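Residue 86 is where the sequence shown ends in this note's numbering, and the numbering goes up by one at each step. Just so you know, even glycine gets a beta-carbon here, dropped at the ideal spot from N, CA and C. Since this is a predicted model, take the numbers as computed values, not measurements.
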Amino acid sequence: MTTTPELIHSYLSAGLECTHLEVEGDGQHFQAIIVSPAFAGKRMVQRHQLVYAALGDRMREEIHALSMKTLTPEEYQG
9 MTTTPELIHS YLSAGLECTH LEVEGDGQHF QAIIVSPAFA GKRMVQRHQL VYAALGDRMR
69 EEIHALSMKT LTPEEYQG
């Protein structure tokens with residue numbers, strides 16, 4: 009099965025509380041804007057770890073490259 013932005017969107021929204029989520033990509037390389045209250049008080053690496061945890065093994069098996077912006081709702085609104 010080909011990985012699509014819609015699939016990644018569904019994986020992330022199932023595994024992480026998101027108030028805003030955008031995923032784009034070409035089937036190999038993906039970009040995401042992820043806004044979650046779970047990111048509050050966390051450094052960038054910790055935020056990315058939360059995203060990787062939500063994606064689980066898919067990060068190794070299905071998703072070859074994911075660049076992401078991880079923001080709290082307050083950062084996104086600002």
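Opening and closing residue of the alpha helix (DSSP H) in which residue i lies
| i | result |
| --- | --- |
| Leu15 | Pro13 to Gly23 |
| His134 | Nothing about residue 134 can be reported from this structure: the residues present for the chain run from 9 to 86 only. |
| Gln36 | Here Gln36 belongs to no alpha helix (DSSP H), and DSSP marks it neither H nor E. |
| Glu83 | Pro81 to Gln85 |
| Thr69 | Residue 69 is actually Glu in this sequence, not Thr. Here the alpha helix (DSSP H) through Glu69 covers Arg66 to Glu69. |
Bridge-paired residues (DSSP) for residue i
| i | result |
| --- | --- |
| Ser44 | Answer by DSSP bridge pairing: none, since Ser44 is not bridged. |
| Met76 | Ala40 |
Check whether residue i and residue j have beta carbons under 8 Å apart
| i | j | result |
| --- | --- | --- |
| Thr80 | Pro45 | yes |
| Ala40 | Val53 | no |
| Ala42 | Leu29 | The question names Ala, yet the displayed sequence has Ile at residue 42. Their beta carbons are under 8 Å apart, which means Ile42 touches Leu29 by this criterion. |
Where the beta strand (DSSP E) through residue i begins and ends
| i | result |
| --- | --- |
| Glu30 | His28 to Gly33 |
Anticipated Cβ contact below 8 Å, residue i with residue j, distance rounded
| i | j | result |
| --- | --- | --- |
| Phe38 | Ala73 | 7 Å |
| His56 | Thr27 | That belief does not hold up - the Cβ atoms of His56 and Thr27 are roughly 18 Å apart, past 8 Å. |
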